[in-house]
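What follows is a short report on a single structure.
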Amino acid sequence: MKRRDAFKKIGLAGIALSTIGISLPSMAQSQDIAKDNLIINRQKMKIANTESPTEFELKHTPEISFLESDEKGFTLVKIHMGSQGIVHPTLENHWIDYMKIYKNDKLVASTEFEKGSIRGFSEYFIKLEKGNVVLVEIGCNLHGIWTNTATF
Ligand SMILES: [Fe+2]
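Sequential numbering of the sequence shown, starting at 143, is according to the working numbering.
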């Protein structure tokens, strides 16, 4: 009986240790952060099949349009938070919480959006030359980080 009790105790301790061992690395790898008591998903996402993106993927993919340029070399860049006419929702618990714009891999703009407040699109005059690559990154608090690029 004593030997059996000892195995029971070892077994429980083993389960407890393995539980701790499993949970600690997964917590360390998590990129999620908390903001206003909401979980913010920071997982990098991609369209699975670029030939036929889903409505969910289009809703999270920023759409980049180049409009008119001025005489000083600045071009109006319009960014939709969602592609092909689909606009990402803005709710108290689900919204695009930030957007970053890169020109040739250099960060040129970074904007945070408060929950439930901003929806739709942004416009910036960005100094661009032919061949410059604009990358837009947006973060959905629930569905992660999405990017798109366009070459001027
Ligand atoms: Fe979302």
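Beta carbons are placed, not taken as given, at the ideal position from N, Cα and C, and that holds for glycine. Just so you know, these numbers come straight off a predicted model, no measurement behind them.
Rounded to the nearest angstrom, how far is the Cβ of residue i from that of residue j, given a contact under 8 Å?
i      : j      : result
ASN290 : ILE206 : 6 Å
LYS257 : TRP237 : 5 Å
PHE294 : VAL276 : 7 Å
Relative to the C-alpha of residue i, which candidate in the options has its C-alpha closest?
i      : options                        : result
ILE260 : LEU209, THR232, PHE294         : THR232
ARG184 : GLY286, THR293, PHE294, ALA292 : GLY286
LYS201 : ALA292, GLU271, ILE228         : ILE228
SER225 : ILE189, GLY273, PHE267         : ILE189
ILE182 : GLU234, LEU209, ILE221, LEU218 : GLU234
LEU270 : HIS230, LEU218, ASN179, LEU249 : LEU218
GLU213 : ILE268, GLY273, ASN274         : ILE268
Quick check: what's the CA-CA separation for residue i versus residue j?
i      : j      : result
PHE255 : TYR240 : 6 Å
ILE280 : MET187 : 10 Å
GLU197 : ASN191 : 12 Å
PHE216 : ASP247 : 18 Å
PHE263 : ILE243 : 13 Å
GLU193 : THR203 : 14 Å
ALA292 : THR253 : 19 Å
SER211 : GLU199 : 30 Å
MET223 : GLU265 : 11 Å
ILE221 : ASN179 : 29 Å
Which first and last residues belong to the beta strand (DSSP E) in which residue i is found?
i      : result
LEU249 : 248 to 254
PHE294 : Where PHE294 is concerned, there is no enclosing beta strand (DSSP E), given that its DSSP letter is neither H nor E.
HIS222 : 216 to 223
VAL276 : 275 to 282
ILE181 : 180 to 182
LYS269 : 263 to 269
LYS245 : 238 to 245
Alpha helix (DSSP H) containing residue i: first to last residue?
i      : result
LYS201 : 197 to 202
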